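Numbering (the UniProt record's numbering), first residue to last: 1 to 299.
By construction, the Cβ of each residue, glycine as well, lies at the ideal position given by its N, Cα and C atoms.
Here the structure is a predicted model, which is why all the values come from computation and not from measurement.
Right, dumping it as structure tokens:
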């Protein structure tokens with residue numbers, strides 16, 4: 001099928017759901033780094049990058065040994081109220097660092113991603129706190145009607161008015177209530193996240209679940225389903241359902257990790273050989289068939 005036929009002939013009617021992990025944001029900064037030269041923190045280097053080394057060095061040895069594993073370090077801090085002050089300081093510093101990140105002027109992978117999906121039909125759900133996806137969404141909304149975006153662990157650029165469920169940009173005031181929006185809660189890597197404890201987060205997950213039920217194509221970009229996200233995987237599985245009932249859907253994995261390792265993580269979501277694996281975003285259905293990703297699978 002040539003390009004003209006692909007544009008004119010439409011077979012796929014379902015949604016395309018894209019799920020982003022830390023690897024996606026990291027990939028988006030490789031070619032076009034953060035505008036002011038700030039590094040993007042990952043779980044193994046966040047302590048050094050955001051400037052928390054001195055704080056960790058004052059903790060007991062068992063905590064210091066976890067300096068390069070933020071998931072385990074924070075989980076340990078969260079279990080002991082003796083270090084409540086240190087934990088709250090860590091949260092404050094991390095939030096401030098992420099909130100100061102800026103998109104470069106040049107297009108990033110997130111700009112390409114926003115433009116590759118359809119308004120109202122498709123959706124992007126991210127586990128990341130950073131502002132890059134939201135800011136790409138804003139600047140591209142000047143030109144196109146963008147797909148929906150969901151922030152499953154909160155976002156430093158978004159705030160929330162719990163009284164009426166409205167969402168606004170950080171620092172804005174609700175036009176309906178004339179009250180300042182409150183920062184969205186960031187979910188940190190602990191064993192028990194409890195996605196129902198926060199109204200904003202709960203709503204984001206409910207929206208994702210509804211869209212997953214009708215999805216014909218799912219792309220997982222840079223998210224390897226870590227051990228600390230057991231609840232997240234359970235919620236995704238509940239919405240996706242029994243893999244035997246998803247025989248006509250396609251799963252796509254964009255990741256630099258080994259293909260076999262990824263397939264093992266997502267085996268309960270992939271029916272037989274109905275998947276595509278690539279290491280580069282620009283080899284994915286999103287880049288090769290923008291705004292026609294579902295149709296390209298049917299063809």
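Alpha carbon to alpha carbon, how far is residue 181 from residue 170? Give it in angstroms, no decimals.
So the alpha carbons of these two residues sit roughly 7 Å apart.
Counting only runs of 4+ residues fully inside the segment 38 to 119, write out the alpha helix (DSSP H) ranges in chain order.
Runs found: 46 to 50, 53 to 57, 61 to 64, 70 to 79, 84 to 99, 109 to 116.
In this structure, how does DSSP classify residue 245 when only helix, strand and coil are distinguished?
The answer is helix: DSSP assigns residue 245 an H, G or I state.
Do we get a CB-CB distance below 7 Å when we pair residue 179 with the residues of chain B?
Judged by its chain identifiers, the structure shown contains no chain B, having just a single protein chain.
Between 91, 100, 30, 36, which lies nearest to residue 52 when the distance is taken from Cα to Cα?
When only C-alpha atoms are compared, the closest one is 91.
Go through its chain and collect everything with a Cβ distance to residue 99's Cβ below 8 Å, but skip five positions before and after it.
Residues 131, 156, 157, 170 of the same chain have their beta carbon placed closer than 8 Å to that of residue 99, with the five preceding and five following residues left out of the count.
On the three-state DSSP scale, how would you describe residue 277?
Strand at residue 277.
So, using beta-carbon positions, are residue 218 and residue 75 closer together than 7 Å?
Not a contact, by the Cβ cut-off of 7 Å.
Got a sec, what are the start and stop residues for the beta strand (DSSP E) residue 125 sits in?
Judged by DSSP secondary structure, residue 125 falls within the beta strand (DSSP E) whose first and last residues are 123 to 126.
Sufficient close CB pairs (3 or more, under 8 Å) joining the segment 190 to 205 to the segment 132 to 141:
Cβ pair count under 8 Å is below three, so no.
Helix or strand or just coil, what does DSSP make of residue 291?
It is coil, neither helix nor strand.
Minimum C-alpha distance to residue 167 - residue among 134, 115, 225
Checked all of 134, 115, 225; the closest Cα to residue 167 is 134.
Under 7 Å between C-beta atoms of residue 22 and residue 42
By the CB criterion at 7 Å, residue 22 and residue 42 fall inside the cutoff.
What's the C-alpha gap between residue 148 and residue 200?
Straight through space, the alpha carbons of residue 200 and residue 148 are spaced by roughly 15 Å.
How would you call residue 328, buried or exposed, if buried means at least 16 neighbouring beta carbons within 10 angstroms?
With the chain covering only 1 through 299, there is no way to say anything about residue 328.
Range covered by the alpha helix (DSSP H) that runs through residue 230
In the DSSP assignment, residue 230 falls within the alpha helix (DSSP H) that extends over 230 to 240.
Top-ranked residue by Cα proximity to residue 119, from 185, 268, 14
It is 14 whose Cα lies nearest to the Cα of residue 119.
Thinking residue 66 and residue 291 are a contact (beta carbons under 8 Å), I'd like their distance in whole angstroms, please.
Between the beta-carbon of residue 66 and that of residue 291 there is about 44 Å, and that puts the pair past the 8 Å contact cut.
How about residue 222 and residue 24: do their beta carbons lie closer than 7 Å?
It is a contact, given that the beta carbons lie within the stated cut-off.
Less than 7 Å separating the beta-carbons of residue 185 and residue 154?
In this structure, residue 154 lies closer than 7 Å to residue 185 by Cβ.
Just to confirm, are residue 271 and residue 243 a CB contact at a threshold of 7 Å?
Cβ distance < 7 Å, so residue 271 and residue 243 count as in contact.
Is residue 207 helix, strand or coil by DSSP?
Note: residue 207 maps to helix in three-state DSSP.
For residue 121, collect the residues of the same chain with a Cβ closer than 6 Å to its Cβ; drop the 5 residues on either side in sequence, then sort them by chain order.
In its chain, beyond the 5 residues on either side, 15 have a beta carbon closer than 6 Å to the beta carbon of residue 121.
Would you tell me roughly how many angstroms separate the C-alpha atoms of residue 113 and residue 58, rounded to the nearest one?
Here the C-alpha atom of residue 113 lies approximately 42 Å from the C-alpha atom of residue 58.
Range of the contiguous beta strand (DSSP E) that encloses residue 15:
In the DSSP assignment, residue 15 falls within the beta strand (DSSP E) that extends over 15 to 20.
Which residue spans inside the segment 136 to 223 form an unbroken beta strand (DSSP E) run of at least 3?
148 to 151, 158 to 161, 166 to 169, 215 to 221, all fully within the segment 136 to 223.
Let's see if you can read the secondary structure: which residues bound the beta strand (DSSP E) around residue 252?
Looking at the DSSP string, the run of the beta strand (DSSP E) that includes residue 252 is 250 to 254.
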